[in-house]
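Novice:
Numbering (my numbering), first residue to last: 75 to 619.
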């Protein structure tokens, strides 16, 4: 027998004597630490909320904040976490419509100064070194802590390739994308004509992941679902960990990040185990082909090729090592998959939950077939551009359902701050933007704005008229700010909108979805709108006669 010999009777007697004290022991070992942590967290939250609110200049109206309340800043942040969309809408009606500026608090972001639409063009025209879109993205997503190598995101490499190569190829890779769409949808929804019920968010995430990666990394890797889903989970993990980190002051973030970003690292590493060998082989093949044109290999027209080709022009290890190049593709997945999926899901829910769903789908299907009959069934760039009803339905869904409360978000970069059009100085590090929900729901801009009118943007063009302004899905304006506006409008929006139209067009053309009884509302958390991931559809393949 190991250990010290014990007399069983004396042991029982000792335990019996301890019984009256067990509640105290329980409190001391369990409840007291919890209470201490709760008190500590409360104090931290109060101090952080006061610090965040103190940055906002005097003279601006706050939504959801009552200075006569105890802990007014903290309580305003709490309201901003659960009631931010109503705050955006209310502030827009009361202040933006009267050409005034207001402030919206939120639990997981710094307070945001929201300008009226009349100042949107002024904000969009400000140079990056004054108010920075990139700084705002870095801060909002807490890239300093949530991604492994934030320094690789600070140069222009990815954006340069998107503008120079990706946008140029929109439409030229449609056949490859369609091949991936059909393969993905048949594997998810079946090809036998039998009804299936599935979670729409999960199934479209898989399809979108395969589609964007067909262009990013090619046919072989894009169908590897471990890789595709790791990219999706990485995006979710980064977003979730950024929300948590925003709850803490800067000095505590390194310690908190060491725990909450573990899922980020795991999912990124899963992607990297496939991407690094792919890039190493691509570098080898491209150098061999450059040295000897007879080398038996053809250069694929895909993002990883463009990325490697650009790296040959650079000297810094930051821009040339296979690992750093691979991490850029991980971050490209972060930007592409979730946002495109959300727009897909919103459109499906809005269209098939409409009272006239079957009529809408039939009208879009008729247009698609009519346009394709002019190109022998080929989804050319010009053909996709002529699918006005499909384009309008997606644009209208993004207007009604949206992805969040703010657009044109910028962070003040210069130490002296920036003078707003009303004369108030917004200090360094404050966030400025416009109310996207307010603009998109403005009855002066959109009659009957709460109604999902699928063909709102196509009706005039179909009737032979010429719209007063370009209303294509990818076009931005001061009235439509889904992709921001101005010099910092999303550079990948042409690629994203093309993918959206191809995915939803094939869903309409090749599948039948049962009309849905109701449209589950999106969930508002802070300044973002989350689609209902539990929403399902009943779907089957349309069999050709």
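No residue lacks a Cβ here, since even glycine has one placed at the ideal position from N, Cα and C.
Since this is a predicted model, take the numbers as computed values, not measurements.
Name the residue from 431, 426, 343 whose alpha carbon lies nearest to the alpha carbon of residue 401.
Specialist: Ranking the options by Cα distance to residue 401, first place goes to 343.
Novice: Use the C-beta contact count for residue 79: other C-beta atoms within 10 angstroms, 16 or more gives buried, fewer gives exposed.
Specialist: Because residue 79 sits at a pLDDT of 48, beneath the cut-off of 50, its placement in the model cannot be relied upon, and the point is left open.
Novice: How is the beta strand (DSSP E) around residue 271 delimited, first residue to last?
Specialist: Here the beta strand (DSSP E) through residue 271 covers 270-273.
Novice: I want to know whether the stretch 571-583 touches the stretch 416-425 - three or more CB-CB distances under 8 Å.
Specialist: Taking 8 Å as the limit for Cβ pairs, the verdict is that the stretch 416-425 does touch the stretch 571-583.
Novice: Consider the Cβ of residue 144: report whether some Cβ of chain B lies at a distance smaller than 9 Å.
Specialist: Going by chain labels, chain B is absent from the structure shown, which holds only one protein chain.
Novice: Which residues does DSSP list as the beta-bridge partners of residue 614?
Specialist: DSSP, once it has assigned bridges, lists 586 as partnering residue 614.
Novice: Does residue 481 pass the burial test, meaning 16 or more other C-beta atoms within 10 Å, or should it be called exposed?
Specialist: Under this definition residue 481 is a buried residue.
Novice: Can you look up residue 598 in the DSSP assignment and give me helix, strand or coil?
Specialist: Strand.
Novice: List the endpoints of the continuous alpha helix (DSSP H) containing residue 472.
Specialist: It spans 462-474 - the alpha helix (DSSP H) in which residue 472 sits, taken as one unbroken run.
Novice: Would you tell me roughly how many angstroms separate the C-alpha atoms of residue 465 and residue 588, rounded to the nearest one?
Specialist: Approximately 22 Å, taken between the alpha carbons.
Novice: Quick one: what does DSSP say residue 252 is sitting in, helix, strand or coil?
Specialist: Note: residue 252 maps to helix in three-state DSSP.
Novice: Should the stretch 496-504 be called in touch with the stretch 129-136, which here means at least 3 C-beta pairs below 8 Å?
Specialist: Segments in contact, yes.
Novice: Return the bridge partner residues of residue 186 from the DSSP annotation.
Specialist: DSSP lists 178, 505 as partners of residue 186.
Novice: Counting C-beta neighbours from all protein chains within 10 Å, is the total for residue 538 16 or more, i.e. buried, or is it exposed?
Specialist: Exposed is the call here.
Novice: Thinking C-alpha only, which one of 527, 535, 495 is nearest residue 199?
Specialist: Checked all of 527, 535, 495; the closest Cα to residue 199 is 495.
Novice: So residue 285 and residue 254 are supposed to be a Cβ contact under 8 Å. How far apart are they, rounded?
Specialist: Right, their Cβ atoms sit about 5 Å apart.
Novice: Given a cut-off of 9 Å on the beta-carbon distance, is the pair residue 385 and residue 406 in contact?
Specialist: No, these two residues do not count as a Cβ contact at 9 Å.
Novice: According to DSSP, what are the bridge partners of residue 479?
Specialist: Per DSSP, none; premise fails for residue 479.
Novice: Once DSSP output is grouped into helix, strand and coil, what is the label at residue 593?
Specialist: In this structure, residue 593 counts as coil in the three-state DSSP scheme.
Novice: For residue 369, count neighbouring Cβ atoms within 10 angstroms of its own Cβ and tell me buried if that reaches 16, exposed if not.
Specialist: The residue is exposed, with fewer than 16 neighbouring Cβ atoms inside 10 Å.
Novice: According to DSSP, what are the bridge partners of residue 485?
Specialist: Answer is 206, 505, bridged to residue 485.
Novice: Taking all protein chains shown into account, do 16 or more other C-beta atoms lie within 10 angstroms of the C-beta of residue 452, making it buried, or fewer, making it exposed?
Specialist: Exposed, since its Cβ has fewer than 16 Cβ neighbours within 10 Å.
Novice: Spatial neighbours of residue 223 within its chain, please: CB distance less than 8 Å, with the 5 preceding and 5 following residues excluded, ordered by chain position.
Specialist: So the qualifying residues of the chain are 398, 401.
Novice: CB residue 422 to CB residue 278, shorter than 9 Å?
Specialist: In this structure, residue 278 lies closer than 9 Å to residue 422 by Cβ.
Novice: Could you pull out every residue in the same chain whose Cβ sits closer than 7 Å to the Cβ of residue 350, ignoring the five residues on either side in sequence?
Specialist: Contacts found: 396, 397, 400.
Novice: Taking all protein chains shown into account, decide if residue 140 is buried (16 or more other Cβ within 10 angstroms of its Cβ) or exposed.
Specialist: Exposed: under 16 other Cβ atoms inside 10 Å.
Novice: For residue 522, count the other beta carbons within 10 Å of its own beta carbon; 16 or more makes it buried, fewer makes it exposed. Which is it?
Specialist: Counting Cβ neighbours within 10 Å, residue 522 comes out exposed, since fewer than 16 surround it.
Novice: To which residues does DSSP link residue 499 through a beta bridge?
Specialist: BP columns for residue 499 point to 493.
Novice: Output needed for residue 262: all residues of its chain with C-beta closer than 6 Å, excluding positions within five of it in sequence on either side, in chain order.
Specialist: 277, listed in sequence order.
Novice: Could you tell me the distance, in whole angstroms, from the CA atom of residue 590 to the CA atom of residue 297?
Specialist: Computed Cα separation, rounded: 30 Å.
Novice: Which same chain residues end up closer than 7 Å to residue 335 when comparing Cβ atoms and leaving out the 5 residues on each side of it in sequence?
Specialist: The answer, listed in chain order, is 219, 220, 315.
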